[in-house]
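Colleague: Residue numbers (my numbering): 940 to 1023.
One structure is given below, represented as structure tokens, and several questions about it will come after.
Below you can see the structure in the form of structure tokens.
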């Protein structure tokens, strides 16, 4: 399996007696997972999403929803002008 990034694939792994799961090689490579990395699990109903924890949540969220306010300085000036 190649090209995991950007597309949906199904990969199975067995849960061991101590509830441990070995992350398949293709998934480790696609997500650049290394030993001692911390992973985040997002549980949504009966689905689980797995991703590496970012080194900095601030950096990871920087620019999120940029399309809503493409120019925050112009928006702020417009809002300030509305109060004058």
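Think of the CB as a built atom: it goes at the ideal place given N, C-alpha and C, for glycine as much as any other residue.
Values in this document were obtained by computation on a predicted structure and should not be read as measured data.
1. For residue 907 and residue 1010, I'd like the C-alpha separation in whole angstroms.
2. Quick one: grab the DSSP three-state call for residue 1019.
3. How is residue 960 classed by DSSP in three states: helix, strand or coil?
4. Return the CA-CA distance between residue 1005 and residue 953, expressed in angstroms with no decimal places.
5. Using a Cβ-Cβ cutoff of less than 8 Å, which residues in the same chain neighbour residue 972 once the five nearest sequence positions on both sides are dropped?
Modeller: According to the structure data:
1. The requested residue 907 is not part of the displayed model; the chain covers only 940 to 1023.
2. Residue state for residue 1019 is assigned as helix, using DSSP reduced to three classes.
3. strand
4. 40 Å
5. 962, 966, 978, 991
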